[in-house]
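**Student:**
Numbering (my numbering), first residue to last: -6 to 310.
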């Protein structure tokens, strides 16, 4: 890794200090590439001067390489250029119908705007605002408007075996909790199942725990989701040492907008709001009444996008 960093630093250095001395910097780079470290690597370099429109260095420049998370820098810059630093990601709540004596005779609509950092705590605030409207019963349905996105629900270029990891979340204009779940686990009594807690608690997914706590020093625990059948069935199998400590695993979930709706419906119940209808997806109708819009600035999304290399933030931009 140090050698790789040295190469990157040298590229930056030689092109800034010796822009006219072609032989010097080309020989310097060629010399670096003779290091045995690169014998098992695929190398592709293309240095282009935007001012002079001149190619300064090329080596295997036509190889199709994966840019990895370096591309997030360009995504961020494009967002700043086209959206502007004042842009905000919006998640809005509307209702269609009439409110009489604390009863909404109509439907609630949640309109997604690709806020990648929306959480269950933000959802709590939304439900509170609905209660402040005097709504205690909803004689209608709860809808998610996910019309802002196209048909791409999985990052372009992501591989099938990136599922079900949290760094490859399913995409939706209605994001919540990074479109995933956190699984906390720790040893139980020897011979008993591993103790498991999932955040957030919800009926949206189903847990199958056949794991066993063992006396041995080593563990062989597998925590996964049934991504092959595209379900939100969570399975925990294998063994965990009784000497192990509390730890965390994270998984993505399928159908984020339905996940959002389920968490909101469950939040309604905890908050004393009765929903008589069902949950589904639908576009916001004309002349719906606005309740609240939760906004997050583009600037607030950038730190997690670039410093933590968060894929959901990048895809949302």
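Where is the CB? At the ideal position from N, CA and C, for every residue including glycine.
Starting from residue 252 and walking both ways along the alpha helix (DSSP H), at which residues does that stretch end?
**Tutor:** Stepping through the chain shown from its first residue, residue 252 is reached at position 259. Per DSSP, residue 252 belongs to the alpha helix (DSSP H) from 249 to 263.
**Student:** Are the segment 118 to 130 and the segment 274 to 291 touching by the rule of at least three beta carbon pairs closer than 8 angstroms?
**Tutor:** With a cut-off of 8 angstroms, the segment 274 to 291 and the segment 118 to 130 count as touching, because enough Cβ pairs lie within range.
**Student:** Looking at residue 107: is its Cβ nearer than 8 angstroms to the Cβ of residue 166?
**Tutor:** Here residue 107 is taken as the residue at index 114 of the chain shown, counted from 1. Here residue 166 is taken as the residue at index 173 of the chain shown, counted from 1. Taking 8 angstroms as the Cβ cut-off, residue 107 and residue 166 qualify as a contacting pair.
**Student:** For residue 138, name the three-state secondary structure that DSSP assigns.
**Tutor:** As a working note, residue 138 is residue 145 in the chain shown. Residue 138: strand per DSSP, three-state reduction.
**Student:** Sorted by chain position, which residues of the same chain lie with C-beta nearer than 7 angstroms to residue 347's C-beta, five sequence neighbours on each side aside?
**Tutor:** Missing from the structure shown is residue 347; the chain here goes from -6 to 310 and no further.
**Student:** Determine the direct distance from the alpha carbon of residue 207 to that of residue 113, and round the result to whole angstroms.
**Tutor:** Within the chain shown, numbered from 1, the residue matching residue 113 stands at position 120. Within the chain shown, numbered from 1, the residue matching residue 207 stands at position 214. Roughly 35 angstroms separates the two Cα atoms.
**Student:** If you run the structure through DSSP and keep just helix, strand and coil, what is residue 20?
**Tutor:** As a position in the chain shown, residue 20 is number 27, starting the count at 1. Three-state result, residue 20: helix.
**Student:** Going by DSSP, what residues sit across from residue 287 in a beta bridge?
**Tutor:** Residue mapping note: residue 287 aligns to position 294 of the chain shown, counting from 1. According to DSSP, which records beta bridges pairwise, residue 287 is partnered with 84.
**Student:** Thinking C-alpha only, which one of 214, 147, 163 and 297 is nearest residue 176?
**Tutor:** For the purposes of this step, residue 176 is taken as residue 183 along the chain shown, with counting starting at 1. For the residues 214, 147, 163 and 297, the minimum Cα distance to residue 176 belongs to 214.
**Student:** DSSP three-state call for residue 176: helix, strand or coil?
**Tutor:** Mapped onto the chain shown, residue 176 falls at position 183. In the three-state scheme derived from DSSP, where H, G and I count as helix and E and B as strand, residue 176 is classed as strand.
**Student:** So, with DSSP's three-state summary, where would you put residue 155?
**Tutor:** As a position in the chain shown, residue 155 is number 162, starting the count at 1. Three-state result, residue 155: helix.
**Student:** With DSSP run on the structure shown, which of helix, strand or coil describes residue 67?
**Tutor:** In the chain shown, counting from the first residue as 1, residue 67 sits at position 74. The answer is helix: DSSP assigns residue 67 an H, G or I state.
**Student:** Residue 257 and residue 164: beta carbons closer than 8 angstroms?
**Tutor:** Position 264 of the chain shown, counted from the first residue, corresponds to residue 257. Position 171 of the chain shown, counted from the first residue, corresponds to residue 164. Result no, Cβ atoms of residue 257 and residue 164 do not sit closer than 8 angstroms.
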